[in-house]
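Numbering (the working numbering), first residue to last: 75 to 396. Heads up, the beta-carbon is just placed ideally off N, CA and C, and yes, glycines get one too. The structure appears below as structure tokens.
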Amino acid sequence: MPLMPARRGFLTGAALLAAGSAVRAGAKTILPKAAPISIVPLWPDGPPGGIPAGLAEQEIPRSPTGPADDTAFLHVTRPVLLHCRPTRPNGAAVLIVPGGGYVRVAIGLGGEALLRAFAAAGYSAYLLRYRLPGDSWQAGPDAPLQDAQRALRLIRSRAWVDGFAAERIAVWGGSAGGHLAARLVNAARPVYAAADAVDALPLGVKAALLLYPVNLMTGPFVHAQSRQELLGAAPRADANGYAAEAGVAAGSPPTFLAHALDDGVVPVDNSLSYLAALRRAGVPSELHVVESGGHGFGWAGEDGAPLPWTGLALRFLARHGA
């Protein structure tokens, strides 16, 4: 469970470029945009508790100057999975949980690029559009977790149809999506009542990949927006119970973390603290800290080549059966 020393950013360094070459040998490219993406609704009769009065889902540009198809979702009322099939299946699946500070779900170009890239690496890839905790859902801060748990079970139910082994599922989460992914893989129990036979399926995963994850809910390194959207503006005595690391236990899945020292949005201390929790619990884990890279780096660099974390992550998944 090594804590790797800080080093040059993902875009530079001979050793890292060599790692990037290894990735390109295994996952040669992101699938072209023409690769079909299907939409799978999560809930047979709508989300638990019904849709709050007056709540209307919106799709907005992530940036007023960005590409038209780089979008995010506000006030999600129709949680869904986006699914991309691999051209050469490796027999495994991955659930991708995007971020957005719990105020939006940033699907956009980055999320779809991850979806297509994991598919190009052989995974049956699913991207989750989940409900947001500040939208007055009956479940409050557990509304996103309800969607994530349902998504994992729904993916498992599709194993035979989509062509992967039901036990070979991994989870990727970034930023606030990393917080949700961690809560998902560490949850001791379901947080919703069964809706149908799908909800009899187990919630375990083979491995978790957490990039620049929101973790801490108190202290100087908290991501204020995520904490406020999840728990409200007022102090809460139970806030630490909502930290991503709060549920880490001996049964937590092997976990890969990557973070940049110059992340000005979610401080690297979130990953350092999460790694410490994993080590205390004896969970197989590794953390890759780089000098530069900022917040929100994706699968590929500006030149379109996969960043070195991707090769490290794919090897980690393979070692742990995903």
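Buried or exposed: which applies to residue i, given that a residue is buried once 16 or more other Cβ atoms fall within 10 Å of its Cβ?
{"i": "glutamate 186", "result": "buried"}
{"i": "glutamate 376", "result": "exposed"}
{"i": "isoleucine 229", "result": "buried"}
{"i": "serine 326", "result": "buried"}
{"i": "asparagine 344", "result": "buried"}
{"i": "arginine 257", "result": "buried"}
{"i": "proline 276", "result": "exposed"}
{"i": "arginine 263", "result": "exposed"}
{"i": "valine 97", "result": "Bear in mind that a pLDDT of 38 at valine 97, under 50, signals an unreliable position, so the number given afterwards is only what the model happens to contain. The residue in question, valine 97, is buried, as its Cβ has 16 or more Cβ neighbours within 10 Å."}
{"i": "aspartate 312", "result": "exposed"}
{"i": "serine 359", "result": "buried"}
{"i": "glutamine 223", "result": "buried"}
{"i": "aspartate 216", "result": "buried"}
{"i": "proline 110", "result": "exposed"}
{"i": "arginine 227", "result": "buried"}
{"i": "threonine 161", "result": "exposed"}
{"i": "arginine 242", "result": "buried"}
Our contact map puts residue i next to residue j with C-beta atoms below 8 Å; I'd like the distance itself, whole angstroms only.
{"i": "leucine 391", "j": "alanine 233", "result": "So it is not a contact: roughly 17 Å between Cβ atoms."}
{"i": "aspartate 221", "j": "leucine 116", "result": "6 Å"}
{"i": "tyrosine 204", "j": "serine 300", "result": "Going by Cβ atoms, the distance from tyrosine 204 to serine 300 rounds to 14 Å, so no, they are not a contact pair."}
{"i": "glycine 182", "j": "threonine 139", "result": "So it is not a contact: roughly 14 Å between Cβ atoms."}
{"i": "glycine 278", "j": "glycine 173", "result": "The pair is not a contact, with the Cβ atoms about 23 Å apart (cut-off 8 Å)."}
{"i": "alanine 396", "j": "alanine 166", "result": "5 Å"}
{"i": "serine 231", "j": "histidine 157", "result": "Actually they are not in contact, since the Cβ atoms of serine 231 and histidine 157 sit about 13 Å apart, beyond 8 Å."}
{"i": "leucine 335", "j": "valine 363", "result": "6 Å"}
{"i": "leucine 219", "j": "isoleucine 170", "result": "Going by Cβ atoms, the distance from leucine 219 to isoleucine 170 rounds to 16 Å, so no, they are not a contact pair."}
So what does DSSP say about residue i, is it helix, strand or coil?
{"i": "alanine 146", "result": "strand"}
{"i": "alanine 99", "result": "Low local confidence applies: a pLDDT of 39 at alanine 99 is under 50, so the model's placement there is unreliable, and no value is given."}
{"i": "glutamine 132", "result": "strand"}
{"i": "glycine 120", "result": "strand"}
{"i": "histidine 369", "result": "coil"}
{"i": "glutamate 186", "result": "helix"}
{"i": "valine 285", "result": "According to the sequence provided, residue 285 is leucine. The question's valine does not apply to it. DSSP places leucine 285 in strand when its eight states are reduced to three."}
{"i": "alanine 379", "result": "coil"}
{"i": "valine 177", "result": "coil"}
{"i": "tyrosine 266", "result": "coil"}
{"i": "valine 168", "result": "strand"}
{"i": "glycine 315", "result": "helix"}
{"i": "aspartate 273", "result": "helix"}
Just curious, the alpha helix (DSSP H) that residue i is in, first and last residue?
{"i": "glutamate 303", "result": "298-305"}
{"i": "arginine 162", "result": "No alpha helix (DSSP H) holds arginine 162; DSSP gives it neither H nor E."}
{"i": "valine 154", "result": "From DSSP, valine 154 is part of no alpha helix (DSSP H) but of the beta strand (DSSP E) over 154-158."}
{"i": "aspartate 344", "result": "A small correction: the amino acid at residue 344 is asparagine; aspartate does not occupy that position in the sequence shown. 343-355 is the span of the alpha helix (DSSP H), which, as asked, contains asparagine 344."}
Go to residue i, then tell me how far its beta strand (DSSP E) extends in each direction, as first and last residue.
{"i": "phenylalanine 390", "result": "Here phenylalanine 390 belongs to no beta strand (DSSP E); instead the alpha helix (DSSP H) covers 382-393."}
{"i": "isoleucine 113", "result": "112-115"}
{"i": "glycine 247", "result": "243-248"}
{"i": "alanine 334", "result": "329-334"}
{"i": "leucine 201", "result": "198-203"}
{"i": "serine 359", "result": "359-364"}
{"i": "alanine 374", "result": "Segment: none, alanine 374 is in no beta strand (DSSP E) and carries neither H nor E."}
{"i": "leucine 226", "result": "Premise fails: leucine 226 lies in the alpha helix (DSSP H), 217-231, not in any beta strand (DSSP E)."}
If we call anything under 8 Å between Cβ atoms a contact, is residue i one with residue j?
{"i": "glycine 248", "j": "tyrosine 197", "result": "no"}
{"i": "valine 154", "j": "valine 179", "result": "no"}
{"i": "alanine 323", "j": "asparagine 289", "result": "no"}
{"i": "glutamate 303", "j": "leucine 388", "result": "no"}
{"i": "proline 122", "j": "alanine 213", "result": "yes"}
{"i": "valine 296", "j": "threonine 329", "result": "no"}
{"i": "glycine 306", "j": "asparagine 260", "result": "no"}
{"i": "alanine 239", "j": "tryptophan 373", "result": "no"}
Can you find a C-beta in chain D that's less than 8 Å from the C-beta of residue i?
{"i": "glutamine 132", "result": "In the structure shown, chain D cannot be found, because there is only a single protein chain."}
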